[in-house]
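Residue numbers (my numbering): 1 to 687.
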């Protein structure tokens, strides 16, 4: 509809809706989430995917050269040390120069560095010092990239939508860097050790190309994005100014201290976690990647629910809750040898980390002046991430010292125990410090330049956005509950392995409810609908729920919960009927047919309301590619769900009494969709 650089967005004045215009049709949200933001989101996802692939490959490559815990931890230290060394000067550079060019140049440089490492691995000329050097270089450019990416965001979206924009970015980073990336990296290691690094280089180059589409706005009456440094200001002077601003701001100072100590505890564990996974959990390369993929399911959930949690409970309670949860996670992992229990704990940990980030980063972007944001981000991230290198050294040193005293397996658990103690102490400290009423002042003090729509809902009252998406949340909860019962509770009792539970699990619930044409012929008609609530593994579930959240968060506020649920359920039924008619003998399950119906509905609604259809088009394209490119995909179910969703959206998009207009809206969409469906049927018939 509109891009982020419109006059309406620059002035911060919301448009006046005509009488009777529904709130969902107002262009405020679109003006804040325009083309530039979606391009940044795409670049973030692609770059995070590559980083996630090498996140698994780097320590695995290191363990091929040494089994010494301290030397293995050295690779982690090398990658994290730049946060301690370069955070402060990088903040000044980010405030001085154009953010988009900084982001693009760091992507290109990392593509070159990681490409050279891939060649070295392929030629078998790698060494520990080469790994340390590459890790240090990649970490150095990551410092600038992440600072610039956070600093550019306020110039792309309105203050009212900072939380939602950060939630989308966290979701993209989580899905790419923690869910898909490590899983892909683990499997690529089985093919060739050099392959993950080569793919990462290509993905960084693609991310740089996407930055061409980003166009930051220039605030009306304010400075341009590129601000030349004053002639009499040195790097040291500007760094000192940023430090004074940060230290005098009580909230930012406390949040930096909290996260720094929390990350110190996490780094103690991360440095030797690959040895813990190999020797105690007994995981191979592929399973090691899957372990992170399972944890990322929780991170994706956290990014989706973080804005609603802050609206309902307030930032103080949300942040304290994440700290308490981290104590429980470290304690649980330290006391178990079960990969399944560790996966469940990582599921919770991923959600807690993303919730913390969304709340704190959004607060920082709203409160810090634009000309100071780069420096404040750098100081905050120095306090937050600088301790990672120290924690990694502590973790590797603890294991090295403990091995001759207590044995190797107990020694590998020591970092987890230490992390739990540190997290518990941090939680108590946070309770005392946050009790001072950090966020107790009036919201106008936090959002001084925003109108009333830019302010968060009062504590204890769910915001309108949270209420408008309750059905999406409920559907996700139902699917997750069925998967946990069918795969984890019942499936594990029936002998499913961890790999089955994650990727290809079939339990008693599947046998009773999956789509099976001959069984329907025998009278088991419930399979036409129940198959859409069953999934073959947690990975299958995570992908479908991610797509459901992406479509539902945008579609449900327009249709309302009842009609949204109707489109979902009828699309699911349409998927089952299509499978019964066109692929009678196949065994299928999954919510993808219903989700494809939401894709079609979202595309139609966006076009009818004049909204930016980029997300809908992207979802449809991704769905089309996966439908015909991934072996074993239920093509008939996807086509059937898409058909039903498109026809229903044509009717749902208008007032009930406007029947002629409903048909005028539905028929132009239904006709081409039916033709495409017939073409697919003909294609399937020739196979």
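Glycine included, each C-beta is placed from N, C-alpha and C at the ideal position. Owing to the predicted nature of the structure, the values given are computational and were not obtained by experimental measurement.
{"Query": "Spatially closest choice to residue 93 from 539, 145, 398, by CA coordinates", "Result": "145"}
{"Query": "Spatially closest choice to residue 281 from 318, 335, 505, 612, by CA coordinates", "Result": "335"}
{"Query": "8 angstroms contact criterion, which residue 287 and residue 498 should meet: CB distance rounded", "Result": "7 angstroms"}
{"Query": "Contact belief for residue 174 with residue 299 at Cβ below 8 angstroms, rounded distance in angstroms", "Result": "4 angstroms"}
{"Query": "Under 8 angstroms between C-beta atoms of residue 176 and residue 48", "Result": "yes"}
{"Query": "Backbone CA spacing between residue 203 and residue 98 [nearest angstrom]", "Result": "23 angstroms"}
{"Query": "Inter-residue CB distance, residue 166 and residue 358 (contact presumed, cutoff 8 angstroms)", "Result": "5 angstroms"}
{"Query": "Closer than 8 angstroms to chain B by CB, residue 471", "Result": "Protein chains in the displayed structure number just one, and chain B is not present."}
{"Query": "Span of the alpha helix (DSSP H) around residue 204", "Result": "195 to 210"}
{"Query": "Segment contact, 8 angstroms Cβ cut-off, at least three pairs: the segment 233 to 242 with the segment 117 to 127", "Result": "no"}
{"Query": "Residue 39 and residue 111 closer than 8 angstroms at C-beta", "Result": "no"}
{"Query": "Cβ neighbours of residue 140 in the same chain (closer than 7 angstroms, five flanking residues each side left out)", "Result": "82, 86"}
{"Query": "Minimum C-alpha distance to residue 504 - residue among 486, 519, 583, 520", "Result": "486"}
{"Query": "DSSP three-state assignment for residue 377, whether helix, strand or coil", "Result": "helix"}
{"Query": "Beta carbon of residue 361 nearer than 8 angstroms to that of residue 184", "Result": "no"}
{"Query": "Residue nearest to residue 265 in terms of C-alpha spacing, selected from 302, 421, 68", "Result": "421"}
{"Query": "Cβ-Cβ separation, residue 340 to residue 701 (assumed contact under 8 angstroms), whole Å", "Result": "Look at the range of the chain in this structure, 1 to 687, and you will see that residue 701 is not part of it."}
{"Query": "Straight-line Cα distance separating residue 307 from residue 632", "Result": "37 angstroms"}
{"Query": "Cβ neighbours of residue 680 in the same chain (closer than 7 angstroms, five flanking residues each side left out)", "Result": "Residue placement at residue 680 cannot be trusted, given a pLDDT of 49 that sits under 50; the coordinates are not used to answer."}
{"Query": "Own chain, CB closer than 7 angstroms to residue 483, minus 5 neighbours either side, in chain order", "Result": "535, 538, 541"}
{"Query": "Assigned secondary structure, residue 626 (DSSP; H/G/I helix, E/B strand, else coil)", "Result": "helix"}
{"Query": "Cβ-based burial, residue 310 [other Cβ within 10 Å; buried from 16]", "Result": "buried"}
{"Query": "Alpha-carbon to alpha-carbon, residue 249 and residue 412", "Result": "40 angstroms"}
{"Query": "Beta-carbon contacts of residue 575 that lie in its chain and below 6 angstroms, excluding the five residues immediately before and after", "Result": "593, 637, 640, 641"}
{"Query": "Supposed close pair residue 151, residue 374 - CB separation, criterion 8 angstroms", "Result": "5 angstroms"}
{"Query": "Best match in 524, 586, 621 for proximity to residue 603 [C-alpha to C-alpha]", "Result": "621"}
{"Query": "Span separating the alpha-carbon of residue 364 from that of residue 561", "Result": "33 angstroms"}
{"Query": "Runs of alpha helix (DSSP H) lying entirely within the segment 287 to 361, each at least 4 residues, in chain order", "Result": "315 to 334"}
{"Query": "Three-state secondary structure (DSSP) of residue 588", "Result": "strand"}
{"Query": "Separation of residue 525 from residue 455, as counted between CA atoms", "Result": "Only weak support exists for where residue 455 lies, its pLDDT of 39 falling under 50; the value from the coordinates is given anyway. Their Cα atoms are separated by approximately 49 angstroms."}
{"Query": "Ordered list of beta strand (DSSP E) runs contained in the segment 557 to 585, each at least 3 residues", "Result": "none"}
{"Query": "Sequence-distant residues of its chain with Cβ nearer than 6 angstroms to residue 322 (five each side left out)", "Result": "352, 355, 356"}
{"Query": "Identity of the residue in 67, 330, 384 nearest residue 424 by Cα", "Result": "330"}
{"Query": "Beta-carbon gap between residue 506 and residue 88 smaller than 8 angstroms", "Result": "no"}
{"Query": "Boundaries of the alpha helix (DSSP H) in which residue 68 is found, first to last residue", "Result": "Segment: none, residue 68 is in no alpha helix (DSSP H) and carries neither H nor E."}
{"Query": "Short Cβ contact (8 angstroms threshold) for residue 517 with residue 585", "Result": "yes"}
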